[in-house]
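To start, the structure itself, in structure tokens.
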Amino acid sequence: MEDANFIVKFLNWLMTFDRKALILSASAIGAGVAMIAGIGPGIGQGYAAGKGAEAVSINPKAGKQATLVMLLGAAVAETSGILALVVSLILLFGNPIVTQEGAVIILAASAIGAGISMIAGIGPGIGQGYAAGKGTEATGRRPEYQSSVIRAMFLGQAVAQTTGIYALIIALVLMFANPLVKLL
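Counting in UniProt numbering, the final residue of the sequence shown is number 184, and the numbers go up one at a time with none missing.
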């Protein structure tokens, strides 16, 4: 019961702030939290780069092919970080939540929720980087199969990106078409 009283007191305290200031503050938190998604691409791209270096050391003659696969795969692995950056920039510079009508606490929570949803981009970033690393490794071993390796790598990376896209959809819905406001 004491925990419930604290929550009620905290929410009442929050409501003493200016509506716009509260939403903008929550948006800043959401923007910062969204960028946590950059962890995934960082890990994934590092893995791909490591596998690229390994492939070149094992088969220096396949260095150009392995490096190309590594760069292509690492670029795809960055997409979830880019999606998180887009959500952060919208929250900071083109925030549609500020002008929406509705309960300020729902709007503020939606701004934070949009950012939190982008954390789902960690998985695709790591998965796509892993695919890039394995593609690079395979190309280093068998450079004559580079085009087949790239095709399989891109297909796997596309499938791995789905959870990042789901996160983006949720973030965009919370920012632009919030169904929660209509429930009041």
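Just so you know, even glycine gets a beta-carbon here, dropped at the ideal spot from N, CA and C.
| Ala108 to Gly164, Cα distance in whole Å? | 23 Å
| Between Phe17 and Ser25, what straight-line distance do the alpha-carbon atoms span, to the nearest angstrom? | 10 Å
| Under a Cβ-count criterion, where at least 16 other Cβ atoms within 10 Å of its own Cβ denotes burial, should Met15 be classed as buried or exposed? | exposed
| field | Completely contained beta strand (DSSP E) runs for the UniProt domain "V-ATPase proteolipid subunit C-like" (29–91), where each covers 3 or more residues | value | none
| query | Leaving out five residues before and five after Asn59 in sequence, what residues of the same chain have Cβ atoms less than 6 Å from its Cβ? | reply | Gly140
| Roughly how many angstroms separate the alpha carbons of Val87 and Gly115, rounded to a whole number? | 7 Å
| said: Please tell me whether Ile106 and Val181 are closer than 7 Å, where the distance is taken between their beta carbons. | reply: yes
| Looking at the structure shown, is Phe6 part of a helix, part of a strand, or coil, going by DSSP? | helix
| Reduced DSSP category for Gln146 - H, G, I as helix; E, B as strand; rest coil | helix
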